[in-house]
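Asker: Sharing a structure, written as structure tokens. Questions coming.
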Amino acid sequence: MLRVKMFVLMPFLILLLTLDYSKGEVKMLPLVHQTLNCNERTVLQCSVSSSMPLNNVKVFWKKQEERDFECDPESKNNPPGFECNYTEETLTLTISNLTPANMGTYFCCIRTDSGHAKEKIDVSIGQCPGEFSNQMAVPGQVQCSFNGVYPKAMINWYHYDKNLTSNSTTTSLENSDGTFNITSVLNTQDKHKRYNCSLWSLKHGRYSDQEIEVEDQAKSSPVSGISTELCLSWALIFLSLMFSSRACLSL
């Protein structure tokens, strides 16, 4: 009796397996992890694979821990700075200007009559070197700044091999794009002429050095220059009056 039941059930099992296989299998094949450069146009890509033609396809991108993030090739209201496209074989997400705020886990997603699939891509940034600037804050101080830096870093000061960092004050401000503006002011009591402003991070160590040459205050002071010009002007006026008075007396 048991053999008869098994014989009757077997055709139904074979039919179910055949129907399930006929739906095909949808696969997403992403580059799982990407370490990218800061402030560059970046393209994330997932290849779509299926054993059967796909019908009623819905594709989109999501980002972990950001519920409102969704990039849909058919939508006109995608997140600013993002663009997504889909062909029959590839789903792409383009980030126009990659910043630390764009780091995280992205999911390429597809839904069809044949099934659905979702795969993740982890995006990270190596470093953002930022832009360097310096100026004389006030007499006896020199200022060094790195703007748009990632990861968070600190500034050390040197005069040749001598570490002068203890004579400085450093501030760090995080920007909306995830980078940092780092500024340090050094008290130049030793009256050295050259200083080295060095950017350090725990991840990369010492990775940006800038040499600053401090000009002689007496030479660079605009007040001193103006005073000299005034003195010369008064001297010329005095000489002119003196010669004029002599000319009058000779008459």
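Just so it is clear: in the sequence shown, position 192 is 192 by the numbering used here, and no numbers are missing.
The C-beta atom is built at its ideal place from N, Cα and C for all residues, glycine as well.
Quantities reported herein were computed from a predicted structural model and do not represent experimental measurements.
May I ask you to report which of helix, strand or coil DSSP gives Ala117?
Answerer: It is a strand residue.
Asker: Helix, strand or coil, according to DSSP, for Cys144 in the structure here?
Answerer: Strand, per DSSP.
Asker: Quick one: what does DSSP say Asn55 is sitting in, helix, strand or coil?
Answerer: Here Asn55 sits in coil by DSSP.
Asker: Identify whether Ser96 lies in helix, strand or coil by the three-state DSSP scheme.
Answerer: Here Ser96 sits in coil by DSSP.
Asker: Just to check my reading of the structure: Ser145 and Thr183 have Cβ atoms closer than 8 Å, yes? What is that Cβ distance to the nearest angstrom?
Answerer: 4 Å between Cβ atoms; contact.
Asker: Give the range of the beta strand (DSSP E) segment to which Arg252 is assigned.
Answerer: The structure shown does not extend to residue 252, since the chain spans only 1 to 251, so no value can be given for it.
Asker: Any heavy atom of the ligand FMN inside 6 Å of the beta-carbon of Glu213?
Answerer: The ligand FMN is not part of the structure shown, which contains no ligands of any sort.
Asker: Locate the beta strand (DSSP E) running through Glu74, then write down its first and last residues.
Answerer: Careful: Glu74 lies outside any beta strand (DSSP E) and carries neither H nor E.
Asker: Report yes if the C-beta distance between Ser198 and Leu186 is below 7 Å; otherwise report no.
Answerer: Not in contact: Ser198 and Leu186 (Cβ atoms no closer than 7 Å).
Asker: Below 7 Å CB to CB, which residues in the same chain sit around Met103 once its five sequence neighbours on both sides are set aside?
Answerer: Closer than 7 Å at the Cβ level, and outside the excluded window around Met103, lie Val123, Ser124 and Ile125.
Asker: May I ask which residues mark the beginning and end of the beta strand (DSSP E) holding Ser166?
Answerer: Per DSSP, Ser166 belongs to no beta strand (DSSP E) and is neither H nor E.
Asker: Our contact map puts Lys62 next to Cys109 with C-beta atoms below 8 Å; I'd like the distance itself, whole angstroms only.
Answerer: Between Cys109 and Lys62 the Cβ distance is about 6 Å, and since that is below 8 Å, they are a contact.
Asker: For a quick check, are the C-beta atoms of Phe60 and Glu70 less than 7 Å apart?
Answerer: In contact: Phe60 and Glu70 (Cβ atoms closer than 7 Å).
Asker: Touching or not, the region 39 to 47 and the region 82 to 96, by the rule of three or more beta carbon pairs under 8 Å?
Answerer: Counting Cβ pairs under 8 Å, three or more are found: they touch.
Asker: Quick check: the Cα distance between Ser172 and Phe180, rounded to an integer number of angstroms?
Answerer: Rounded to whole angstroms, Ser172 to Phe180 spans 7 Å at the Cα level.
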